[in-house]
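Worksheet: one structure, shown below.
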Amino acid sequence: MLPELVELIAVFIAQPYDLLRYLSAFESRLAMRLPFQSLRALLSASMHTPGLRIWPELELPHDASLHQYVSDCMELFPIVRTTSLEAVKGVRPATLLSLTTLSTPDEVRTACMAPWRHRLVALELHLWDRVLVDDVWTPTSLGLLGACFRSQHQLASLCLRWQLDESHGAFEHLVLGDVLESNVLHLALSFNDASKVLWNDAMATRLGMWLSTSRVQSLALHGLRFDSMRAATLLVDSMQALRDVRIESLQLERALCLRASLPSALRSLRIDGASVLPQWRTAASLSTLALHYACLMHSRGRVVAMRPHLHRLRTLVLPNVDLENDCDREALIALLPQLTELHLDANRLGDAGALPLIATLHRCQYLQVLSLDQQGVTDATALALAQAKKPPSLRTLRLARNRVTCRGVTALCHVMPSLDVLDLSRNRIGGGGAQAISTVVSQTAHMRMLDVQMNPLGEAGVLALVASLSTERNLRAGVLVLSATVPRAHVRACRAAIKSLPCPHWVIFRG
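Set out below in structure tokens:
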């Protein structure tokens, strides 16, 4: 193929490990341009450096030895994310910026006055009172922050964590004044008890008017407190045009559940602490609702009431939802073939509830993620998963905090090469299970995570797994998590073995 065609295909590859293999395959045969050569070098470094994010987004690394590679491949990234204001100096003039976790007035002053401020498209702020620190938030510094918001017309995403022990007025002036004059499309507001912000009718109405008239698409609200249910209802009533809503506020959740219908444009919904939407099941609008993502935590209602209205649902998250009712289990099984992700956690399924779900997998041609955490399942479920006809799309399997033993993990070994993530943490897997995993480790170089932490693997089991990595010649895409698997007396020997690996970062081991 022509180098131009190889490079054009490369930018559409989603996974870093796949992109690295792709570029490496052509490196010796084609003369690729310097940006792609540098990108390959960065990708290779990322396989040896935990937490280094290179693709599809670039998070600027702190390692000075990588800065030249970053500079050479910068043109491939329209947006660069960084936590360091100093790192921004090396970014190309045409590159857009995402700044995360600015927390002091000095950092905000630097960002607001920098020559690159007009390229800032995403900003995360954590405003909190620091003890014994000179650089504290004052009315003057908050005013400067407000001016920054008003001048950043290109700012598309804002995450504001308000943890200041400030008066109502400071918050109203900054957030309900300056922030609402911006053009953000994605807004996240988070509060803790120290903030002392209590929302009233006027504040809810003001934010609601902005939601109704602006171009904002997604809203995340955490820790909001209202002086009345009327104020919460006023805010909920203004969410009609939103596509993505995440709520962690008891009063807002209650107001949302009392509505006759969900916002008509909604595609993604996450709520924590509400009953499962008792009024919504009779709403005519639900039959056409294009809800793709739903997370309903600690719910007390019935899944069967929702199923007829969620024919477009693709991702369902049900942590701490009681699924002991046969009707709810049947409704969940009926939903499964249309889902791409199913996340269950602490639902009391047991083997009796999990086995019927597994028997349905052959009809789930879209399923990519199956999570059965803390279900009380045993080797019977692990054996059923190993023997079931699974969709080729399934890439993530989570069975954490269950009762799977060596027998179950041995059966799962032959499906590991087809997965990207397997979480077996906090089970009952001993040294025999570790020995079984060690025989297939050479086929798991593509996996992003194989997690067996907090299992009683013992020294022999851990050393067997480490030994299976010692002959590894391929770059590994992810990590093997072995924390808390041996008694303290054996930690030193295990650490020494890990340190001798070609790349010790392949293993996460905390004694």
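Numbering-wise (UniProt numbering), the sequence shown opens with residue 1 and increments by one. Even for Gly, the Cβ is constructed at its ideal location relative to N, Cα and C.
- Per the DSSP secondary-structure output, Gln163 pairs in a beta bridge with Trp128.
- According to DSSP, His186 shares a beta bridge with Ser157, Ser218.
- According to the DSSP assignment, Arg398 belongs to the beta strand (DSSP E) that extends over 396-398.
- The alpha-carbon separation between Ser483 and Leu144 amounts to approximately 46 Å.
- Contact holds between the region 374-388 and the region 401-417, because three or more Cβ pairs, one in each stretch, are under 8 Å apart.
- One alpha carbon belongs to Thr485, the other to Val441, and they sit about 18 Å apart.
- Counting along the chain, Arg81 sits inside the beta strand (DSSP E) bounded by residues 79-82.
- Leaving aside the five residues that flank Ala147 on each side, the residues in its chain whose CB is nearer than 8 Å to its CB run, in chain order, Cys112, Asp178.
- A Cβ-Cβ separation of about 12 Å leaves Ile508 out of contact with Val466 under the 8 Å criterion.
- Counting only runs of at least 3 residues, the region 386-443 fully encloses the following beta strand (DSSP E) elements, listed from N- to C-terminal order: 396-398, 421-423.
- Contact between Val88 and Trp116 holds, since their C-beta atoms are separated by about 6 Å, short of 8 Å.
- Pairing Leu85 with Asp165, the inter-Cα distance amounts to about 27 Å.
- In the displayed model, Phe36 falls within a helix according to three-state DSSP.
- In the three-state reduction of the DSSP assignment, Trp506 falls in the helix class.
- The distance from the Cβ of Pro391 to that of Cys413 is about 20 Å, inconsistent with a contact at the 8 Å cut-off.
- A straight line joining the alpha-carbon of Leu258 with that of Arg230 spans about 12 Å.
- For the pair Arg401 and Gln368, the CB atoms are not nearer than the 8 Å cut-off.
- Leu313 and His505 have their C-alpha atoms some 38 Å from each other.
- Here Ile54 carries a coil assignment [DSSP, helix/strand/coil].
- Where Leu463 is concerned, there is no enclosing beta strand (DSSP E), although the alpha helix (DSSP H) around it starts and stops at 458-470.
- Around the Cβ of Asn455, a 10 Å sphere holds 16 or more other Cβ atoms; the residue is buried.
- Distances from the alpha-carbon of Gly208 to those of Met239, Ala255, Ser418 put Met239 closest.
- Excluding residues up to 5 positions away in sequence, Leu252, Ala255, Leu256, Arg259 lie with their Cβ nearer than 8 Å to the Cβ of Val236 in the same chain.
- Distance from the Cα of Pro78 is smallest, within the candidate group Leu66, Gln68, Thr95, for Thr95.
- Nearest to Trp128 by alpha-carbon distance, out of Leu142, Phe12, Leu120, is Leu142.
- A residue is called buried once 16 or more other Cβ atoms fall within 10 Å of its Cβ, and Asp18, having fewer, is exposed.
- When Pro16, Ala460, Asp420 are compared, the shortest CA-CA separation from Ser393 is found for Asp420.
- Inter-residue distance for Met74 and Ser28 is about 23 Å (C-alpha atoms, whole angstroms).
- If you draw a straight line from the Cα of Thr444 to the Cα of Val452, it comes to about 14 Å.
- Collapsing the DSSP output to three states places Val491 in a helix.
- The alpha carbon of Ile271 has as its nearest neighbour, out of Thr140, Thr213, Leu370, Leu316, the alpha carbon of Leu316.
- Around Gly353, the same chain offers Leu323, Arg329 as residues with beta carbons nearer than 7 Å, after the five sequence neighbours per side are excluded.
- Counting only the Cα atoms, Tyr22 lies some 7 Å from Ala10.
- Beta-bridge annotation (DSSP): Arg476 is not paired with any residue.
- Taken in chain order, the complete alpha helix (DSSP H) segments of 4 or more residues contained in the region 204-249 are 229-237.
- Phe26 sits in a helix when the DSSP states are folded into three classes.
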